[in-house]
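Written out below as structure tokens is the structure these notes cover.
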């Protein structure tokens, strides 16, 4: 049996493939519906939807600079989306990516500070050290939430919200008081040129951090569906009781999900600092980082917590972010409008899921009625 | 029929009640029941017979899938338990529903409009005096004993002037004195013309307190008789019943060496009280050891302790001669233990995973399903394995990659059983293996267990279905309150006698 043959064969008989194709189709329809409703809102608000959308997509997908800028916006939210998705697969509602991303950015900034004293780090070695520091700090923050959950039963929503604020003010303090750049105190010490993530296309914003994000996404997919640890993680998420029965320790899965998610968010933060022109630093008030963690949740939702589905989802969110600048500049539509359109699309994307639930409920109910009728008949006969 | 006082109209009639839970479990298969004013009705049956479900429907906690209720001759439909309560039907559950940090008084009046609260305290005190159900009204409920909490709940119902009071296994956690107080109160309420439904599986109580007894089995009413005509033997026989299933052919046992030895085992329940209180036994290769008993007498805790899911507090478990006390399930499976758990939907299988994924659950770290030491799964091997199971056990599934929630209960159980057998185990622990299955699937599972025994596997069967234990076992133990009250052979005991042991009436 040849490989191509078996792939075709799989497509035909594997219901998971049907499911995936179906879901993708639904997402496209939801997208169209969302954009239509968004258009109505724009129109009612006195803007020209055609013009707005033209600039939105023209400048985000249809020219090289726009496309690279879309991908660079997609990079951090793909990673923070993975944080949420891995958690969700383990039965968690981990909204700590925001804080873990700050910590990742702090890791890269620490590298920049170290490089001031150790010139050797102004090199690809420094890149590696910065990424490792970012991943470690992101994972470290996540580990606190994991341990609170496993040993003290603290719900992760509560702990991650609080840790997000702790990380925010910690990084805020360090940026403004300790690690600021004497030449421009509104940013932290920038990463030296030799340690920066290389740009994939000169003159654009797209750096190698995009490749890191894609690599991590593929790795996550492989881990969840092709490795025993991922199998155990998903089993724990779907049924902790059954996991225990199968000799799996659900707490280990929770730990793994948090730490892996922390690494993803940490890499996202480090990648922003080490790979994103022009600053290569944390800016005052963390303004170049804020909300990248929360946007990841959106990406995970659109991508149905599936790593591969999240790649197009992240590019879509990236395009909205990248295009909104042109939409504002050329069509005069305020940035907030983009957020509204984004919201409408996300709600539209949730509709198929709700329809499936209703369908399932009605099917179930019909089945029960039929069985009940049979039982009643049998009892009258007997 | 056995209407107690002819000429009186029933206060409540239930007609053709069928209840099927959303997961497909058939709880009630067409039940008719009348409740008369001023009577104590005993609702008797084994676990899973449908007693509680029937009464939850009457009290508005559940909606029937079909059938209807007549209240004083008029058809009613409950949209909530509160509505049923307003119409005079109240239920006290086995697990009480009080606000722990409120006082007894606050709990009793909770939810009533203020216009009904004038003189409430005096009226409650009067109620307590009349019924003998005394509670300290100003004490916080969580500081009260279980018996007192139960009284609060009953007073709550009486204060709302219920005509029909349903008590679900009310004596389970009571001391003998508290039980006596409760029974006295029931007698007084009866004199006031109230109807009391007393749900129980305890023969002694049903004979002591009720006027009329309705026996249920497997979702049906199988008998109804006035107390005067009832005796423990008759009731035990009705409760346990005889199934119309075919007998499973069983050649004589050829017991081999000891596979499992349990010595003076003590295990706690979730709530911290003792579930298993000093149990010892042995199982040999090639025999089925059956544990009968009403559920909740420690069987579940015993099974979990043996299969590594619950901590052993005292005592030892030896499996294949090795001390495995408090060893985890993964190691036990590797040594050759298999476990068909009581609840296949939430424990034995993962409903949202597909057939292939479920076919390796618990075996997923076995070498044959791994490609290397890094933990890459060999899905090709897993698919092959699932295919074999589907073929060998005739599992009807929409596809290897459909979630198992789309399989029928019988096919789920076949998949589970097949997977466990594929471990080629020395011991199979099967808890309630035929619960909720249809006749064909039940027979299939039973034959399978006997076949395993014939091939020299040891089988530990735990079932509250007495008939099943009698048919399949080579040796039988009856568990009551955490202990074995008797260990015997099926040919040396009658089902009736087993029923009496299970009800705690006969001591060995």
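Protein chains in written order, with this note's numbering: chain A, 45 to 426; chain B, 12 to 519. For glycine and all other residues, C-beta sits at the position ideal for the given N, C-alpha and C.
Within the same chain, and ignoring the five residues on either side of residue 56 of chain B in sequence, the residues whose Cβ sits closer than 7 angstroms to its Cβ are 62, 212, 226, 227, 228, 250. In this structure, residue 277 of chain B sits away from residue 332 of chain B, with a CB-CB distance that is not shorter than 8 angstroms. Chain A has no Cβ within less than 8 angstroms of the Cβ of residue 90 of chain B.
Any Cβ of chain A closer than 8 angstroms to the Cβ of residue 361 of chain B would place that residue at the interface, and such an atom is present. Taking a C-beta cut-off of 7 angstroms against chain A, the contacting residues of the segment 56-81 of chain B are 76, 77, listed in chain order. Excluding the 5 residues flanking it on each side, residue 406 of chain B has same chain C-beta neighbours closer than 6 angstroms at 422, 425, 426, in chain order. Pairing residue 193 of chain A with residue 305 of chain A, the inter-Cα distance amounts to about 15 angstroms. Residues are counted here when their Cβ sits less than 9 angstroms from a Cβ of chain B; for the segment 270-302 of chain A these are 270, 271, 272, 273, 274, 275, 276, 278, 279, 282, 283, 285, 286, 287, 288, 289, 290, 291, 292, 293, given in chain order. Within the segment 329-345 of chain B, 339, 340, 341, 344 place their CB atoms closer than 7 angstroms to a CB of chain A, listed in sequence order.
At a cut-off of 8 angstroms between C-beta atoms, residue 136 of chain A does not count as an interface residue with respect to chain B. Excluding the 5 residues flanking it on each side, residue 290 of chain A has same chain C-beta neighbours closer than 7 angstroms at 279, in chain order.
Remark: fewer than three beta-carbon pairs, one from each stretch, lie closer than 8 angstroms, so the segment 201-217 of chain B and the segment 474-490 of chain B are not flagged as touching.
Linking residue 197 of chain A to residue 203 of chain A through their CA atoms gives a straight-line distance of about 10 angstroms.
By the C-beta criterion, the segment 64-74 of chain B is judged to be in contact with the segment 27-38 of chain B, since at least 3 inter-stretch pairs fall below 8 angstroms.
Of the candidates B/177, B/81, B/290, B/122, B/290 places its Cα closest to the Cα of residue 498 of chain B. Less than 8 angstroms separates the beta-carbon of residue 301 of chain A from that of residue 131 of chain A.
In its chain, beyond the 5 residues on either side, 295, 296 have a beta carbon closer than 8 angstroms to the beta carbon of residue 268 of chain B.
Looking only at B/22, B/171, B/144, B/50, the smallest Cα-Cα distance to residue 93 of chain B is reached by B/171. Following the DSSP letters along the chain, one finds residue 410 of chain B in no beta strand (DSSP E), marked with neither H nor E. Between the segment 456-475 of chain B and the segment 297-312 of chain B, the count of C-beta pairs closer than 8 angstroms reaches three or more; the two stretches touch. The C-beta separation of residue 261 of chain B from residue 461 of chain B comes to about 6 angstroms, placing the pair in contact by the 8 angstroms criterion.
Under the DSSP assignment, residue 265 of chain A falls in the alpha helix (DSSP H) whose first and last residues are 253-270. Sequence-distant partners of residue 22 of chain B (beyond 5 residues in either direction) whose C-beta falls short of 8 angstroms from its own C-beta, in its chain, are 46, 47, 48, 82, 83, 174, 175, 206. The C-beta distance from residue 155 of chain A to residue 96 of chain A rounds to 41 angstroms, too long to meet the 8 angstroms contact threshold. Annotation: the continuous beta strand (DSSP E) that includes residue 278 of chain B extends over 269-279.
A residue is called buried once 16 or more other Cβ atoms fall within 10 Å of its Cβ, and residue 186 of chain B, having fewer, is exposed.
Excluding sequence positions up to five before and after residue 484 of chain B, its CB lies within less than 7 angstroms of the CB of 299, 300, 301, 472, 501, all in the same chain and listed in chain order.
Around the Cβ of residue 140 of chain A, a 10 Å sphere holds 16 or more other Cβ atoms; the residue is buried.
Per DSSP, residue 43 of chain B is one residue of the beta strand (DSSP E) stretching across 37-46.
In the three-state DSSP reduction, residue 232 of chain B falls in the strand class (E or B). Chain-ordered listing is empty here: chain A has no CB closer than 8 angstroms to the CB of residue 46 of chain B, the nearest sitting near 20 angstroms. Look at residue 422 of chain B here: in three-state DSSP terms it is helix.
Residue 344 of chain B has its alpha-carbon roughly 8 angstroms from the corresponding atom of residue 436 of chain B. Neighbourhood of residue 408 of chain A in chain B, by CB distance below 7 angstroms: 33, in chain order. Spatial neighbours of residue 463 of chain B in its own chain (CB-CB distance under 8 angstroms, excluding positions within 5 residues in sequence) are listed in chain order as 432, 439, 470.
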